[in-house]
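Down below is the structure, laid out as structure tokens.
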Amino acid sequence: MKKRYSSKLLCGALAALGFFALLPAFLSAPARADADQNPVVVELFTSQGCSSCPPADAYLSELASRPDILALSMHVDYWNGLGWRDPFSSTEVTERQRAYARTLGGRYVYTPQMVINGRVHAVGSDRAKVAGLIAAPRPDRAYAPSLALLDGRGGELEIALGKASFVGRATVWLVGFDNRHATRVESGENSGRTLAYSNVVRSIRAVGQWSGRSSVLKVDIGPERAAKYDNVAVIVQAGGTGPIITAARRGLGAGAP
1465 MKKRYSSKLL CGALAALGFF ALLPAFLSAP ARADADQNPV VVELFTSQGC SSCPPADAYL
1525 SELASRPDIL ALSMHVDYWN GLGWRDPFSS TEVTERQRAY ARTLGGRYVY TPQMVINGRV
1585 HAVGSDRAKV AGLIAAPRPD RAYAPSLALL DGRGGELEIA LGKASFVGRA TVWLVGFDNR
1645 HATRVESGEN SGRTLAYSNV VRSIRAVGQW SGRSSVLKVD IGPERAAKYD NVAVIVQAGG
1705 TGPIITAARR GLGAGAP
């Protein structure tokens, strides 16, 4: 049974106007944006305490195998008081989902929810709906800024962003995530099941801003390396949780900074 929770958020006309004001105005010549450099970002808000989430988790694992998609398993914490504490849940993820409720005009947060490129959302187990949203034309894609994740000194990650015509400010997010986890759930709605996940988000933090100019951000990824996360991703997003402009991922294994 899918459960929904009120987030007590205001999503009126002013919020909608603020969302659309953050849309990039692409007026310049296109910059290169390859499939592995600017993938479709699919965020699944899920929980081990939600009995309707495993089909969506399985679908996300399928999406994670595609090079043109950055699929991220985002575990919320508002199910934790209902019989089972999800070990991958975090307040930061829950706040991100609530922010999406504001920008996308939702009246509540729910699981399983998939947000595609920060622009649209659907029930995560609705494969046909999600597939259609992923395949929808992206007219701005050819005009997205270039994004490269480069080795820096002393364990830094250099985030190199190209120039593009963009109105407003965008947040640069750094996401730490692991390739795969499996958990034996001992209580709650999924009691007795072993649940498997791909691209499990373990941390998410804002590391800078971008306003359309060519720039390089130098970010200390010591915390992500110390926690032994498998990968990091960079997501450049209008405002805070508006439309996603571009994204890229990088492994943290041997040879990474």
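Under the numbering used here, think of the first position of the sequence shown as 1465, with each following residue one higher.
Glycine is no exception: its CB is placed at the ideal position from the N, C-alpha and C atoms.
Measure how close the beta-carbons of residue i and residue j come, nearest whole angstrom, since I'm counting them as under 8 Å.
| i | j | result |
| --- | --- | --- |
| PHE1552 | VAL1639 | So it is not a contact: roughly 13 Å between Cβ atoms. |
| THR1510 | THR1575 | 6 Å |
| SER1662 | GLU1688 | Actually they do not touch by this definition, with Cβ atoms about 18 Å apart. |
| LEU1508 | ALA1520 | 6 Å |
| ALA1711 | ASN1502 | 7 Å |
What are the partner residues of residue i, as DSSP defines its beta bridges?
| i | result |
| --- | --- |
| ARG1714 | VAL1696 |
| PHE1641 | VAL1665, ASN1695 |
| ASP1684 | GLU1620 |
| PHE1509 | MET1538, GLN1577 |
| THR1635 | GLN1673, GLN1701 |
| SER1679 | LEU1625 |
Quick check on the DSSP output: the alpha helix (DSSP H) that includes residue i runs from which residue to which?
| i | result |
| --- | --- |
| ILE1598 | 1591–1599 |
| SER1525 | 1518–1528 |
With a threshold of 16 other CB atoms inside 10 Å of the CB of residue i, please say whether the residue is buried or exposed.
| i | result |
| --- | --- |
| PRO1707 | buried |
| ALA1691 | exposed |
| ALA1595 | exposed |
| TRP1697 | Here residue 1697 turns out to be Ala, not Trp, going by the sequence shown. ALA1697 comes out buried. |
| VAL1540 | buried |
| ASP1532 | exposed |
| VAL1680 | exposed |
| GLY1618 | exposed |
| ASP1604 | buried |
Does chain B have any CB closer than 8 Å to the CB of residue i?
| i | result |
| --- | --- |
| VAL1639 | Among the protein chains of the structure shown there is no chain B, as only one such chain exists. |
Could you tell me the distance, in whole angstroms, from the CA atom of residue i to the CA atom of residue j?
| i | j | result |
| --- | --- | --- |
| GLY1569 | ARG1583 | 11 Å |
| THR1635 | TRP1548 | 33 Å |
| ALA1563 | ILE1623 | 25 Å |
| TYR1542 | GLY1652 | 13 Å |
| HIS1572 | PRO1601 | Position check: residue 1572 holds Tyr in this sequence, whereas His was assumed. Their Cα atoms are separated by approximately 28 Å. |
| LEU1613 | PHE1641 | 16 Å |
| GLY1686 | VAL1557 | 21 Å |
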